[in-house]
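Student: In our numbering, the protein residues as written are 204 to 598.
Cβ atoms here follow ideal geometry from the backbone N, Cα and C, with glycine treated the same way.
I have a structure here, written as structure tokens, and I will follow up with some questions on it.
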Ligand code: DNO
Ligand code: MN
């Protein structure tokens with residue numbers, strides 16, 4: 204059986220339309236109701252309306268369908284177990300019931316404190332003229348120490364990083380600083396934007412939460428929702444930390460092999476599983492991705508495929524899908540081996556792509572322009588076919 208080729212669509216405001224997506228050859232749509240604030244219930248009518256919109260865009264023999272929810276976001280209250288967290292968990296469960304009623308069975312989320320993914324440059328130039336997303340420790344330190352002004356931030360960085368951050372801060376104009384802050388706090392298109400004040404307030408709520416505490420907040424949350432997801436036939440898929448190491452003095456608990464062992468063992472329910480994101484996990488040199496995929500096995504409910512290239516400081520840029528530090532051939536082979544043992548097609552999507560060709564002249568969602576992802580999907584589809592044929596998994 205083949206993997207399900209899927210594509211993230213941010214909804215009606217996404218500059219990449221459903222008609223465009225149809226031409227990529229993907230048939231599974233990955234989407235979310237971004238207009239609903241985190242923590243609130245997704246009503247059945249709103250889910251159905253999004254489904255109808257997706258199906259209507261491609262009537263006929265191989266219609267597009269909403270295959271994966273990304274993300275049903277876990278609120279900060281749930282992550283910190285403060286405030287209205289019990290109500291938010293009840294609301295989360297109601298959203299799962301509503302999604303199941305509409306036939307949606309794969310639900311992605313993450314447990315990153317305060318921010319979703321974090322980068323320092325959204326236009327990092329590649330040698331071929333395309334642009335990539337980039338994470339740089341020196342600029343992160345400039346933001347953290349001088350713009351966010353987090354107390355004690357400086358002490359969290361190596362002296363060489365601090366020194367380089369000071370050098371850069373002295374050179375950056377006010378405008379460049381504001382731009383850097385916007386990039387670091389970019390977040391998810393169509394969702395509420397983070398502000399410096401808002402971020403400071405959220406950081407304060409983690410003052411007493413170390414990695415162990417955050418880990419139990421995750422497993423407590425899962426102990427509440429996973430039995431219901433089992434009943435509903437929903438597969439939960441936690442996205443790893445991006446980047447997969449602590450930033451802003453915050454704990455990170457989904458970054459390495461041990462983290463997976465812990466959460467999958469502690470909450471053994473069938474529904475408790477993983478969104479295996481090679482780009483996020485690949486930014487940590489300690490991770491052996493093919494080995495990790497083999498270890499997680501059938502618990503991989505959804506796959507994000509992209510690549511990264513790291514330097515000696517731990518900075519990284521997002522490389523072409525088959526051309527970074529992650530051995531994509533070996534990962535794809537492991538995922539396809541898992542696919543042979545499970546009944547349903549495992550959905551994967553090309554996760555991020557370079558801004559390239561015509562897209563360089565358009566306004567795009569960072570990482571989610573069309574042509575770079577189309578190139579990634581085409582490469583990955585070819586890789587899948589090559590491996591499947593060679594292994595006798597497909598005729
Ligand atoms: C990173 C990407 C992100 C992701 C968000 C929410 O690897 O997949 O854009 O979508 O972190 O899941
Ligand atoms: Mn990802």
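1) What does DSSP give as the partner residue(s) for residue 210 in the beta ladder?
2) Please report how far the alpha carbon of residue 483 lies from the alpha carbon of residue 490, in whole angstroms.
3) Please identify the residue among 550, 544, 481, 515 whose C-alpha is closest to the C-alpha of residue 533.
4) Give the DSSP-derived three-state secondary structure of residue 503 in the structure shown.
5) For residue 249, list the residues DSSP reports as bridge partners.
6) Hey, would you say the C-beta of residue 320 is under 7 Å away from at least one heavy atom of the ligand DNO?
7) Which ranges does the beta strand (DSSP E) cover as unbroken runs of at least 3 residues, wholly within the region 316-350, from first to last along the chain?
8) With contact counted as at least three CB pairs below 8 Å, one residue from each stretch, are the region 364-382 and the region 414-429 in contact?
9) Reducing DSSP to helix, strand and coil, say where residue 424 ends up.
10) Residue 564: which of 253, 333, 245, 254 sits nearest, CA to CA?
11) So if I measure from each beta-carbon to every heavy atom of the ligand MN and keep distances below 5 Å, which residues remain?
12) Check whether the region 220-233 and the region 255-264 are in contact - that is, three or more C-beta pairs closer than 8 Å.
13) Determine which residues share a DSSP beta bridge with residue 314 and list them.
14) The beta strand (DSSP E) spanning residue 439 covers which residue range?
15) Could you please give me the residues that DSSP links to residue 508 through a beta bridge?
16) So does residue 171 have its beta carbon nearer than 7 Å to some heavy atom of the ligand DNO?
17) Looking only at its own chain, which residues have a Cβ that is under 6 Å from the Cβ of residue 462, when we skip the five neighbours before and after it?
18) For the ligand DNO, is there a heavy atom less than 7 Å away from the beta-carbon of residue 442?
19) Using only the heavy atoms of the ligand DNO, determine whether one of them is closer than 7 Å to the beta carbon of residue 419.
20) In terms of residues, what are the limits of the beta strand (DSSP E) holding residue 389?
21) Do the CB positions of residue 458 and residue 443 come within less than 8 Å of each other?
22) Given a cut-off of 8 Å on the beta-carbon distance, is the pair residue 368 and residue 348 in contact?
23) With three or more C-beta pairs closer than 8 Å as the rule, is the region 324-343 touching the region 508-524?
24) Given 8 Å as the limit, is there contact between the region 485-502 and the region 553-573, that is, 3 or more CB pairs closer than that?
25) Please go through the same chain and pick out, in chain order, the residues whose beta-carbon is closer than 7 Å to the beta-carbon of residue 280, but skip the five residues on each side of it.
26) Below 8 Å on the Cβ atoms is my guess for residue 244 versus residue 298; work out the distance and round it to an integer in Å.
27) Based on Cα-Cα distance, which residue from 573, 594, 503 lies nearest to residue 311?
28) Less than 8 Å separating the beta-carbons of residue 413 and residue 454?
29) Per the DSSP calculation, residue 596 is bridged to which residue(s)?
30) So, for residue 323: in the same chain, excluding its five sequence neighbours on each side, which residues have a beta-carbon less than 8 Å away from its beta-carbon?
31) Could you check whether the Cβ of residue 273 sits closer than 7 Å to any heavy atom belonging to the ligand DNO?
32) Can you tell which of 319, 529, 225 has its C-alpha closest to the C-alpha of residue 269?
33) My understanding is that residue 557 touches residue 335, with C-beta atoms under 8 Å, so please give their C-beta distance in whole angstroms.
34) Which residues mark the beginning and the end of the beta strand (DSSP E) in which residue 273 is found?
35) Can you tell me which residues form a DSSP beta bridge with residue 261?
36) Pick out whichever of 233, 477, 363, 373 has its Cα sitting closest to the Cα of residue 515.
Tutor: Once the coordinates are examined:
1) 232
2) 10 Å
3) 481
4) strand
5) Bridge partners of residue 249: none, in fact.
6) yes
7) 324-328, 334-338
8) no
9) helix
10) 333
11) 480, 507, 554
12) yes
13) Per DSSP, none; premise fails for residue 314.
14) 438-442
15) 553
16) Lying outside 204 to 598, the shown extent of the chain, residue 171 is not represented and no answer is given.
17) 456
18) yes
19) no
20) No beta strand (DSSP E) holds residue 389; DSSP gives it neither H nor E.
21) yes
22) yes
23) yes
24) no
25) 242, 286, 287, 288, 291
26) 5 Å
27) 503
28) yes
29) None; residue 596 has no bridge partner.
30) 337, 338, 339, 342, 343, 346, 383, 386, 387
31) yes
32) 225
33) 5 Å
34) 268-273
35) Looking at the DSSP assignment, residue 261 forms no beta bridge with any residue, so it has no partner.
36) 363
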